[in-house]
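Worksheet for the structure shown next.
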Amino acid sequence: MSDEVHTEAHGQVAEPQEKLDPEVRARREAALKLVRKYGDPVLRSRALEIDRFDDALVDEVRRMGRLMHDAYGIGLAATQVGVMHRVLVYRTELEGSVAALVNPVLEWSSKDKESSEEGCLSLPGVSVEVERPVHVRVRALDERGQPILVEASGLEARVIQHEMDHLDGVLILDKTSRDQRKQAMRALREALEPRPAAA
Numbered sequence: 152m153s154d155e156v157h158t159e160a161h162g163q164v165a166e167p168q169e170k171l172d173p174e175v176r177a178r179r180e181a182a183l184k185l186v187r188k189y190g191d192p193v194l195r196s197r198a199l200e201i202d203r204f205d206d207a208l209v210d211e212v213r214r215m216g217r218l219m220h221d222a223y224g225i226g227l228a229a230t231q232v233g234v235m236h237r238v239l240v241y242r243t244e245l246e247g248s249v250a251a252l253v254n255p256v257l258e259w260s261s262k263d264k265e266s267s268e269e270g271c272l273s274l275p276g277v278s279v280e281v282e283r284p285v286h287v288r289v290r291a292l293d294e295r296g297q298p299i300l301v302e303a304s305g306l307e308a309r310v311i312q313h314e315m316d317h318l319d320g321v322l323i324l325d326k327t328s329r330d331q332r333k334q335a336m337r338a339l340r341e342a343l344e345p346r347p348a349a350a
């Protein structure tokens with residue numbers, strides 16, 4: 152699915168923000184300010200392979216996991232925080248454990264595909280239908296450089312594909328219909344327009 156969490160339509164926040172505890176809401180808003188938004192050139196750039204597995208990378212993954220958690224997301228790519236590394240973090244449940252994939256490579260994807268709504272922390276207010284393979288096999292490394300093979304289906308497969316797209320500078324706007332793209336651009340303009348200062 153997407154960067155953001157939802158129960159049915161992938162991409163939305165798990166519960167309305169008004170219901171969030173004020174401290175949690177403040178943490179979420181602070182986290183979202185650190186996520187690069189549509190229009191930032193880094194979101195259209197291809198990330199670079201990691202060749203150094205050190206404490207700095209472990210810290211980077213930990214920071215990304217914390218930011219994703221605070222932002223109520225279920226996936227985050229390094230490019231979304233302005234870091235040009237082929238690193239992503241994800242989880243399939245709001246309180247689930249965070250998995251990290253470094254230098255992920257899609258080895259195989261199923262012929263059967265499914266359309267579902269996706270949102271993105273970098274595209275506030277946007278939710279579009281995206282068709283993706285239902286099953287994928289991805290080879291990657293963890294933050295310590297150990298090989299990982301992930302065989303994922305359904306939501307997990309969708310999240311991984313969404314975040315891998317980010318590492319290649321691809322957004323959900325590129326994978327939806329022309330009509331949905333036009334509506335999304337309208338929603339984005341509204342969401343990203345600076346609010347007038349209160350008198």
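Remember, the numbering used here sits 151 above the position in the sequence shown when you count from 1.
Glycine included, every Cβ here is placed at the ideal spot set by N, Cα and C.
State the Cα-Cα distance for the pair residue i and residue j, rounded to the nearest angstrom.
| i | j | result |
| --- | --- | --- |
| residue 157 | residue 224 | Confidence at residue 157 is low in this model, with a pLDDT of 40, below 50, so the placement of that residue should be treated as unreliable; the coordinate-derived value is given next. In a straight line, the C-alpha of residue 157 is about 9 Å away from that of residue 224. |
| residue 208 | residue 294 | 6 Å |
| residue 285 | residue 263 | 6 Å |
| residue 272 | residue 191 | 13 Å |
| residue 172 | residue 221 | 12 Å |
| residue 333 | residue 309 | 23 Å |
| residue 197 | residue 177 | 32 Å |
| residue 238 | residue 194 | 14 Å |
| residue 168 | residue 342 | Confidence is the limiting factor: at residue 168 the pLDDT is only 47, short of 50, which leaves the residue's position unreliable, though a coordinate-based value still follows. Using only the alpha carbons, I get a separation of about 15 Å. |
Judging by CA-CA distance, which residue of the options is the nearest neighbour of residue i?
| i | options | result |
| --- | --- | --- |
| residue 257 | 200, 300, 242, 332 | 300 |
| residue 277 | 180, 291, 325, 311 | 325 |
| residue 250 | 319, 259, 217, 233 | 217 |
| residue 118 | 296, 254, 281 | No answer is possible for residue 118: it lies beyond the span of the chain, which begins at 152 and ends at 350. |
| residue 319 | 283, 254, 202 | 254 |
| residue 229 | 210, 246, 244 | 210 |
| residue 240 | 317, 337, 340, 174 | 317 |
Note the first and the last residue of the continuous alpha helix (DSSP H) segment covering residue i.
| i | result |
| --- | --- |
| residue 173 | 173–184 |
| residue 244 | Element bounds for residue 244: n/a, residue is neither H nor E. |
| residue 209 | 206–221 |
With a threshold of 6 Å on Cβ separation, who are the neighbours of residue i within its own chain once the five nearest residues in sequence on each side are excluded?
| i | result |
| --- | --- |
| residue 279 | 323, 327, 331, 335 |
Kindly identify the DSSP beta-bridge partner or partners of residue i.
| i | result |
| --- | --- |
| residue 268 | 280 |
| residue 298 | 292 |
| residue 253 | 238, 292 |
| residue 228 | 239 |
In terms of residues, what are the limits of the beta strand (DSSP E) holding residue i?
| i | result |
| --- | --- |
| residue 307 | Residue 307 -> not in any beta strand (DSSP E); alpha helix (DSSP H) instead, spanning 305–318. |
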